[in-house]
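Just so we're aligned: the sequence shown equals residues 473 to 759 in the UniProt record's numbering.
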Amino acid sequence: EEQYKNSERRATELEALKAALEEKARELEESSNYKTEFLSNMSHELRTPLNSLLILSQMLTENKEGNLTPDQIEYVKTIFSSGNELLTLINDILDLSKIEAGKVTIHPEVLRLADMMDYLKEFFAPVARQKELDFIIEIDEDLPDTAHVDEYRLLQILKNLLSNAFKFTERGSISLKVRRAEDQVIENNDVFKESEWVLAFSVTDTGIGIPKFKQSMVFEAFQQANGTTSRKYGGTGLGLTISQKLANLLGGFIDIDSVEGKGSTFTLYLPGKEVSDSSCEEIAASA
Ligand code: ADP
Numbered sequence: 473e474e475q476y477k478n479s480e481r482r483a484t485e486l487e488a489l490k491a492a493l494e495e496k497a498r499e500l501e502e503s504s505n506y507k508t509e510f511l512s513n514m515s516h517e518l519r520t521p522l523n524s525l526l527i528l529s530q531m532l533t534e535n536k537e538g539n540l541t542p543d544q545i546e547y548v549k550t551i552f553s554s555g556n557e558l559l560t561l562i563n564d565i566l567d568l569s570k571i572e573a574g575k576v577t578i579h580p581e582v583l584r585l586a587d588m589m590d591y592l593k594e595f596f597a598p599v600a601r602q603k604e605l606d607f608i609i610e611i612d613e614d615l616p617d618t619a620h621v622d623e624y625r626l627l628q629i630l631k632n633l634l635s636n637a638f639k640f641t642e643r644g645s646i647s648l649k650v651r652r653a654e655d656q657v658i659e660n661n662d663v664f665k666e667s668e669w670v671l672a673f674s675v676t677d678t679g680i681g682i683p684k685f686k687q688s689m690v691f692e693a694f695q696q697a698n699g700t701t702s703r704k705y706g707g708t709g710l711g712l713t714i715s716q717k718l719a720n721l722l723g724g725f726i727d728i729d730s731v732e733g734k735g736s737t738f739t740l741y742l743p744g745k746e747v748s749d750s751s752c753e754e755i756a757a758s759a
């Protein structure tokens, strides 16, 4: 009898504990939603006045009335570029908080790799020209034409890696090479082992490089490999954090290989799924 009562009491206690835990989980979920909502409202509120500041200061830099002194033009240029930095920071924080709150959903679609590479070639052509850097893009011949990935997020990651490459390189070249991942990478990863084939996108630069001991740090939020260079180059220190988290969401990851003073290679590995041309057309037709 005693034993029965005890176990009954314990069962009631466990029930109460379970209810309390569920309540706590609900509260946490609510406060996390609240945080994301707050950040999203906040960034909207911040973006609106910032946009007028950007538009007006940009108009001033043109000095249409011709009554600004060279010094004053420099001041408004600084207002414009600082405003732009602030906008990037706001967008990055919002992006990161959405990823962390699990609010970013992945939408895989059929994508022609060559089209994406052409787009990137054109997108970065002006900065390549301006910095007099060679920009090389190569797609391995043994790759299928199409992949099944979230195009928007893949572009976001590649643009991030390429912007960094251009930012931290003063001479030489930047390349983006797409190939099948090496067997060794696939064998060490459960998701990759399940995938029909795995893509590797390598962005290589001949820039300043990153010292070995700082290489893992660059994926952490707000970390910059070198305080002096970051002041020189600007940036939020969130780009690689966001890119790595997005890569994880896409089922892959970003790897780094860099030699200080020589250059860096950032490689994005992603599970790709071979899609035949006919099903590609079917999907296009049904869209
Ligand atoms: P941000 O570039 O905005 O500072 P990131 O998260 O993109 O932030 O990069 C973090 C840091 O990693 C950079 O500040 C820089 O120190 C280092 N880094 C990233 N990419 C490169 C690169 N291609 N060459 C040298 N350093 C790099």
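Even for Gly, the Cβ is constructed at its ideal location relative to N, Cα and C.
Small disclaimer: the values here were computed from a predicted structure and weren't measured.
For H516, the closest alpha carbon among the candidates T560, P598, G538 is that of T560.
For the 7 Å CB-CB criterion, V731 and G681 form a contact. Around V690, the same chain offers I682, Q696, A697, L712, I728 as residues with beta carbons nearer than 8 Å, after the five sequence neighbours per side are excluded. In this structure, I680 has its CB closer than 6 Å to one or more heavy atoms of the ligand ADP.
Rounded to whole angstroms, the gap between the alpha carbons of I609 and L627 is 15 Å. Per DSSP, reduced to three states, the secondary structure at D729 is strand. Residue burial is scored here from C-beta neighbours: T577 has fewer than 16 other C-beta atoms within 10 angstroms and is therefore classed as exposed. Nearest C-alpha to R651 among Y624, D606, I611: I611. In its chain, beyond the 5 residues on either side, F552 have a beta carbon closer than 8 Å to the beta carbon of Q530. Assignment of T678 by DSSP, reduced to helix, strand and coil, places it in the coil class. At least one heavy atom of the ligand ADP lies less than 6 Å from the C-beta of V690. Within the model, the alpha-carbon separation for S524 versus K745 is close to 44 Å. Residue state for I578 is assigned as coil, using DSSP reduced to three classes. In the structure shown, L615 adopts coil according to DSSP, grouped into three states.
Taking a cut-off of 8 Å on C-beta distances, the segment 643–650 touches the segment 669–676, as three or more cross pairs fall below it. Not a single heavy atom of the ligand ADP lies less than 6 Å from the C-beta of Q687. Between the beta-carbon of L566 and that of L585 there is about 29 Å, and that puts the pair past the 8 Å contact cut. Rounded to whole angstroms, the separation of the alpha carbons of K490 and M588 is 50 Å.
In this structure, L742 is the residue among E480, L710, L742 with its C-alpha nearest to the C-alpha of N720. Judged by DSSP secondary structure, S635 falls within the alpha helix (DSSP H) whose first and last residues are 623–639.
Scanning its chain for C-beta atoms nearer than 8 Å, with the 5 sequence neighbours on each side dropped, one finds around G555 the residues L522, L525, L526, S529, in chain order.
D622 and L722 have their C-alpha atoms roughly 8 Å apart. Distance from the CA of S504 to the CA of E473, rounded to the nearest whole angstrom, comes to 46 Å. For P683, there is no enclosing alpha helix (DSSP H), since its DSSP letter is neither H nor E.
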